[in-house]
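Taken in order, the sequence shown gives residues 1236 to 1533; the numbers are from the working numbering. Here a beta-carbon is modelled for each residue, glycine too, at the ideal position from N, C-alpha and C. Bear in mind that the values here come from a model prediction, so they are computed numbers and not experimental data.
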Amino acid sequence: MKIFNNFAICALTAAALNGLIGPLTRLTLLQGVGASQIAFTKAFIAFFLLLGYCLLAGKARELSNVGKQWPTLAILAFLGIFSLYFFETQAFAEASVSLVSFLTYAAGGFTILLSAIFLNERLTVLKLVSFLTIIAGILLMFNAGSEMSGSMKGATLALLGGLGYALFIFFAKYNNIGSGLCQLVWLFGFGSLYLFPPALVAGFSAPSLSAMLSLVALVVFPTIGGFYLTTRAIKLGEAGRVQIIETSDPLFATVFAFILFGEVLSLSAAWGACFVIVGLLCSLLASRTVPGVNHVKP
């Protein structure tokens, strides 16, 4: 679809899909499936489905060519799959959906700093304003009240997952790995290898039908859809700007958590959500004012 030739649309859609991670993970946890099993299962199912599709679609040669970058892909998989999935899923078992979602993206500033230093990406006024506004919104929501409560362990795990994701955003752009399905096959393949030992140590349990449906939804929407659109956004635009837009993920997560679990935002949290929206709009405006950023690559 031509609409997904714009990096901002890709990043925003990825943020919405990623906003489902917390609610769907919480639903699966409530049905007795362990956090380590959830992290491994969704990565492995994604790998299996994508590998099967690529082979049936005649992409075996492309898959092999992409595999020549396996050392880089292995490192990126550790950052973007293992670090994010393992720590974030564990965090959802310890703290509220909203708190984990906000803190996961709090490390986004690290990406913007690295992108400016090593990728020569411009730190425009609008980019800085948008990011600072979103951070202000996150801080307001962090102190919003009981719906944002959570243990220090959960907060620490969320920050570790966010740091891994931020580093993935930067290094994926730095190494220019592309955004095709074949790249995702290798990323999820390595990620599954990393996630298997913790899941084995924690132990596997047979999930119920409803738990399986939640796991499948986790694979189809945020795991495959969100990750694909994120890598595509990185290819089409600047890594720092992609990170800014995807910082709106907690806003989507909060809305979904309200729909599924009845989590109600306090006045402070509502103001925080408004700040996030304003920051997002500033980022989208910045993408339209910087020449060449949103051009479609052949």
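Give me, in chain order, the residues of the same chain whose beta-carbon lies closer than 7 Å to that of residue i; leave out the 5 immediate sequence neighbours on both sides.
{"i": "S1443", "result": "Q1266"}
{"i": "D1484", "result": "A1250, N1253, G1254, S1336, Y1340"}
{"i": "L1520", "result": "L1361"}
{"i": "A1437", "result": "G1269, S1271, Q1272"}
{"i": "A1492", "result": "G1257, P1258, V1332, S1333, E1498"}
{"i": "W1305", "result": "W1421"}
{"i": "G1302", "result": "W1421"}
{"i": "F1353", "result": "Y1409"}
{"i": "N1411", "result": "none"}
{"i": "V1208", "result": "The question about residue 1208 has no answer here: the residues shown for the chain are numbered 1236 through 1533."}
{"i": "A1309", "result": "F1425"}
Count the other CB atoms within 10 Å of the CB of residue i; is the residue buried (16 or more) or exposed (fewer)?
{"i": "A1390", "result": "buried"}
{"i": "R1261", "result": "buried"}
{"i": "P1457", "result": "buried"}
{"i": "N1241", "result": "buried"}
{"i": "F1327", "result": "buried"}
{"i": "L1247", "result": "buried"}
{"i": "G1293", "result": "exposed"}
{"i": "I1244", "result": "buried"}
{"i": "L1486", "result": "buried"}
{"i": "S1445", "result": "exposed"}
{"i": "K1388", "result": "exposed"}
{"i": "F1462", "result": "buried"}
{"i": "K1408", "result": "buried"}
{"i": "L1435", "result": "exposed"}
{"i": "I1494", "result": "exposed"}
{"i": "F1439", "result": "exposed"}
{"i": "L1419", "result": "buried"}
{"i": "A1441", "result": "exposed"}
{"i": "A1468", "result": "buried"}
{"i": "E1382", "result": "Confidence at E1382 is low in this model, with a pLDDT of 48, below 50, so the placement of that residue is unreliable and no value is reported for it."}
Below 8 Å on the Cβ atoms is my guess for residue i versus residue j; work out the distance and round it to an integer in Å.
{"i": "I1316", "j": "G1426", "result": "3 Å"}
{"i": "L1286", "j": "L1422", "result": "Going by Cβ atoms, the distance from L1286 to L1422 rounds to 12 Å, so no, they are not a contact pair."}
{"i": "I1369", "j": "V1477", "result": "Their Cβ separation, rounded to whole angstroms, is 13 Å, which puts I1369 and V1477 out of contact at 8 Å."}
{"i": "S1350", "j": "F1406", "result": "That belief does not hold up - the Cβ atoms of S1350 and F1406 are roughly 11 Å apart, past 8 Å."}
{"i": "L1430", "j": "A1278", "result": "5 Å"}
{"i": "A1474", "j": "E1329", "result": "At roughly 30 Å, the Cβ-Cβ gap does not stay under 8 Å, so A1474 and E1329 are not in contact."}
{"i": "E1323", "j": "G1396", "result": "4 Å"}
Take residue i and list the residues in its own chain whose beta-carbon comes closer than 8 Å to its own, dropping the five residues that flank it on each side.
{"i": "P1433", "result": "S1271, A1274, F1275, F1321"}
{"i": "L1284", "result": "V1454, I1459"}
{"i": "L1375", "result": "S1503, A1504, W1506, G1507, F1510"}
{"i": "E1297", "result": "C1289, G1415, C1417"}
{"i": "K1532", "result": "Because the pLDDT at K1532 is just 27, under 50, the model does not fix this residue reliably, and the point stays unresolved."}
{"i": "F1496", "result": "P1258, R1261, V1332"}
{"i": "L1291", "result": "none"}
Looking only at its own chain, which residues have a Cβ that is under 6 Å from the Cβ of residue i, when we skip the five neighbours before and after it?
{"i": "G1399", "result": "L1314, S1318, L1319"}
{"i": "A1281", "result": "F1423, V1454, T1458, I1459"}
{"i": "T1465", "result": "A1249"}
{"i": "L1515", "result": "S1483"}
{"i": "S1449", "result": "L1259, L1262, T1263"}
{"i": "T1489", "result": "S1333"}
{"i": "G1372", "result": "G1507, F1510, V1511"}
{"i": "A1452", "result": "L1259"}
{"i": "T1307", "result": "N1410"}
{"i": "Q1325", "result": "A1270, L1392"}
{"i": "F1239", "result": "C1245"}
{"i": "L1363", "result": "none"}
{"i": "L1428", "result": "none"}
- Query: In chain order, which continuous runs of the alpha helix (DSSP H) of length 4 or greater are located wholly inside the stretch 1268-1327?
  - Reply: Fully enclosed alpha helix (DSSP H) runs of 4 or longer: 1270-1291, 1295-1301, 1305-1312, 1319-1327.
- Item | Whole runs of the alpha helix (DSSP H) within the stretch 1426-1514, excluding any shorter than 4 residues | Counting only runs of 4 or more, we get 1444-1453, 1462-1471, 1474-1481, 1484-1496.
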